[in-house]
Structures are given as structure tokens and as C-alpha cells.
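Only one structure is covered here, and it is reproduced in the block below.
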Amino acid sequence: MSLITIDKVSRIFEDPQRKAPVTALQEVSIQVKRNDFLCLLGPSGCGKSTLLNMIAGFDNPSSGTVNVGGSVVTAPGTDRGFVFQQANLMPWLPVWENVAFHLKMQGRGGGDERRQRAQKFIDMVGLRGFENHYPSELSGGMNQRVGIARALLMNPEVILMDEPFGALDEQTKMDMHAEIIRIWRESNTTIVFVTHGIDEALTLGTHVAVMSARPGRLSEMMEIDLERPRDPTSARFNDYKRTILQLLRPSSAAMAA
Numbered sequence: 001m002s003l004i005t006i007d008k009v010s011r012i013f014e015d016p017q018r019k020a021p022v023t024a025l026q027e028v029s030i031q032v033k034r035n036d037f038l039c040l041l042g043p044s045g046c047g048k049s050t051l052l053n054m055i056a057g058f059d060n061p062s063s064g065t066v067n068v069g070g071s072v073v074t075a076p077g078t079d080r081g082f083v084f085q086q087a088n089l090m091p092w093l094p095v096w097e098n099v100a101f102h103l104k105m106q107g108r109g110g111g112d113e114r115r116q117r118a119q120k121f122i123d124m125v126g127l128r129g130f131e132n133h134y135p136s137e138l139s140g141g142m143n144q145r146v147g148i149a150r151a152l153l154m155n156p157e158v159i160l161m162d163e164p165f166g167a168l169d170e171q172t173k174m175d176m177h178a179e180i181i182r183i184w185r186e187s188n189t190t191i192v193f194v195t196h197g198i199d200e201a202l203t204l205g206t207h208v209a210v211m212s213a214r215p216g217r218l219s220e221m222m223e224i225d226l227e228r229p230r231d232p233t234s235a236r237f238n239d240y241k242r243t244i245l246q247l248l249r250p251s252s253a254a255m256a257a
């Protein structure tokens, strides 16, 4: 049984500049099983982030439905954690308070209890020893770890990630890929991850949903049968990569036209 069901979802935005509607997504249907790691891959403007926002409940479909855990999504909920492109941390709070921030906002527990609950996830993302550091004292990759820990503390069924490593250098990005796979395995959660990088999608995903250029449609859902850790120089990795490039090529040509 699927944990996430996206059923014939379309999203149309009004464009006041062009004085005409813009179709961002058209009739997209995707199913995600529990503990899957789904990567949404496609060119800029194909509606990947729009689809992620609808799973999160930040936006609603113009038609079709998004269902998580047996319920239609109409608003954000604690069953879904979100990791943004930028960590969006409170700069005046140390790491542990950023991780536990939503507990404080909900009035749940005292300071010692919140800190104890935050520590488990600080340890999980490899930040033990940095609990009292402020965001300005951390690297970009470390701040993203704080954002991931904050999402994990909510104990969500689903973690939604919108190009969270896009601003990182290549070495840090590779380190973060290894870390997010470890965290995914330890937490037994389901991840939906937006990326425009083919190598990133193939390194991370159990499945890759390849999307066309706007209006975004599902070109193909690929199950990625590769051992971990994945070797981007292997023949099978590059077979998958060639298939994805062939799927994306018509989209590229259409965008250039």
C-alpha cells in the first residue's frame, strides 16, 4: 500500500504579466511506498517544487488529489517534515534550540526536556559538540544538518527536501549524500527529494520520477536497482544515466525552441 498517492494532479497559476494562465503541472500521478527514497528530477520550471509543496500542504492542486497516509492533504501537518533549499534557521538561537524550536512553539516540555529530545537528532546528524553553536558559526553543510535534525524531531512519516544541497560545494555535497542515506536508513522514514542533478538522483534514490519540461508531466518512474554505496563510474550507473538523458532530451529541445 502506498504512503503517498498523487492522483492526476494539475496546477494552474494565473500570470498577471502575461494575462494568461500558466500550467505548471498536468495530470501527474505518482505512488510512493513507505520507506522509499523518491527523487523528483527534471528541468527548471517543470513543477518539481510545486509538487513537493502540494505534498507538504503549502499549496493545493487545481485538479486531482494528493493523499498521505490515507488522508487527502489540505494543509501542513506534523506527519510531513520539510527541509528547504536554505536551512532557514533562527540566527539568534543555538543549534539545540533551532532543532527543538517547534516544541517550544507548541509549549511542549521545559527547556531541559526539549534539549534532551533534540540531542538524539543532533547526534543522528553528526553534530554532537556543536549544540551551543550559532548558525553563523557553522558551515553551510552543518546548517543543513540542523535543518534535517529539526525535521526529524517532528517524527514525520515523510521528509520532503527541496534541493537542500544545491548551494554546497561538491565535496560537502558528497559527504551530505552519504549522511542523508545513513539518516534515512536509521530513521526508517520516507523521503521525497527534489533535484535537477542526474548523478544526485541516482546516488540517492530508490526511485527516480523523471519529469518533462513545463507543463510538468511524469515521463517515467524508474526503480533504481544499484548497490550502496553507489559508484557513479560503474557501467550500470551510467546505463541509468543514459536512459534519463534520453528522457530529458526532448524537454531540452522544446525549451530551446
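Using full-length UniProt numbering, you'd call the opening residue of the sequence shown number 1 and step up by one each time.
Where is the CB? At the ideal position from N, CA and C, for every residue including glycine.
These numbers were taken from a predicted model, which means no experiment stands behind them.
Within the continuous alpha helix (DSSP H) that includes Thr-172, where are the two ends? Walking along the sequence shown from the start, residue 172 turns up at place 172. Residues 170 to 187.
Counting C-beta neighbours from all protein chains within 10 Å, is the total for Gly-205 16 or more, i.e. buried, or is it exposed? In the sequence shown, the residue the question calls residue 205 occupies position 205. Buried, because 16 or more other Cβ atoms sit within 10 Å of the Cβ of Gly-205.
Along the alpha helix (DSSP H) that carries Val-146, what are the first and last residues, could you check? What you label residue 146 is simply residue 146 of the sequence shown in a count that begins at 1. Looking at the DSSP string, the run of the alpha helix (DSSP H) that includes Val-146 is 140 to 153.
DSSP state of Ile-159, grouped into three classes? Locating residue 159 in the sequence shown gives position 159, counting from the first residue. The answer is strand: DSSP assigns Ile-159 an E or B state.
Contact between the segment 165 to 183 and the segment 4 to 15 is defined here as three or more beta-carbon pairs at a separation below 8 Å; is this criterion met? no
At what residues does the beta strand (DSSP E) containing Asp-7 begin and finish? In the sequence shown, the residue the question calls residue 7 occupies position 7. Where Asp-7 is concerned, the enclosing beta strand (DSSP E) stretches over 2 to 15.
State whether the segment 35 to 48 contacts the segment 206 to 213, with contact taken as three or more CB pairs (one from each stretch) at a distance under 8 Å. Cβ pair count under 8 Å is three or more, so yes.
Just the C-alpha distance for Pro-164 and Gln-86, rounded to the nearest angstrom, thanks. Here residue 164 refers to the residue found at position 164 of the sequence shown. Here residue 86 refers to the residue found at position 86 of the sequence shown. Rounded to the nearest angstrom, the two C-alpha atoms are 7 Å apart.
Closer than 7 Å by C-beta to Arg-236: which residues in its own chain qualify, once you throw out the five before and the five after it? Chain order, please. Walking along the sequence shown from the start, residue 236 turns up at place 236. For Arg-236, where only same-chain residues beyond five positions count, the Cβ hits under 7 Å are Leu-226.
What's the C-alpha gap between Ser-187 and Arg-18? Position 187 of the sequence shown, counted from the start, is the residue given in the question as residue 187. Position 18 of the sequence shown, counted from the start, is the residue given in the question as residue 18. Taking the straight line joining both Cα atoms gives about 45 Å.
Can Ile-4 and Gln-26 be called in contact, C-beta distance under 9 Å? Taking the first residue of the sequence shown as 1, we reach residue 4 at position 4. Taking the first residue of the sequence shown as 1, we reach residue 26 at position 26. No, the pair does not count as a contact, with Cβ atoms beyond the cut-off.
Could you check the C-alpha separation between Pro-16 and Glu-223 for me, to the nearest Å? Taking the first residue of the sequence shown as position 1, residue 16 is located at position 16. Taking the first residue of the sequence shown as position 1, residue 223 is located at position 223. A direct Cα-Cα distance of roughly 40 Å separates Pro-16 from Glu-223.
Beta-carbon proximity list for Ala-253, same chain, < 8 Å, skipping 5 on both sides: By 1-based counting over the sequence shown, the position of residue 253 is 253. For Ala-253, the predicted model reports a pLDDT of 41, less than 50, meaning its position is unreliable; a value from the coordinates is still stated below. Excluding residues within five positions, none has a Cβ falling inside 8 Å.
In whole angstroms, what separates the C-alpha of Pro-91 from that of Arg-249? To locate residue 91, count along the sequence shown from 1; it is residue 91. To locate residue 249, count along the sequence shown from 1; it is residue 249. Cα to Cα, Pro-91 sits roughly 42 Å from Arg-249.
C-beta atoms of Arg-114 and Leu-127 nearer than 9 Å: Position 114 of the sequence shown holds residue 114. Position 127 of the sequence shown holds residue 127. No, the pair does not count as a contact, with Cβ atoms beyond the cut-off.
Go ahead and pull the three-state DSSP assignment for Asn-67. For this step, residue 67 is matched to residue 67 along the sequence shown. Strand at Asn-67.
Reducing DSSP to helix, strand and coil, say where Met-255 ends up. Walking along the sequence shown from the start, residue 255 turns up at place 255. Residue confidence for Met-255 is low, a pLDDT of 44 falling below 50, so the modelled location carries little weight and cannot support an answer.
Go through its chain and collect everything with a Cβ distance to residue 261's Cβ below 6 Å, but skip five positions before and after it. Because the chain in this structure spans residues 1 to 257, residue 261 falls outside the shown range and cannot be described.
Out of Asp-162, Leu-93, Gly-110, Asn-53, point me to the one whose CA is closest to Pro-76's CA. Taking the sequence shown and counting its residues from 1, one reaches residue 76 at position 76. Among Asp-162, Leu-93, Gly-110, Asn-53, the Cα nearest to that of Pro-76 belongs to Asn-53.
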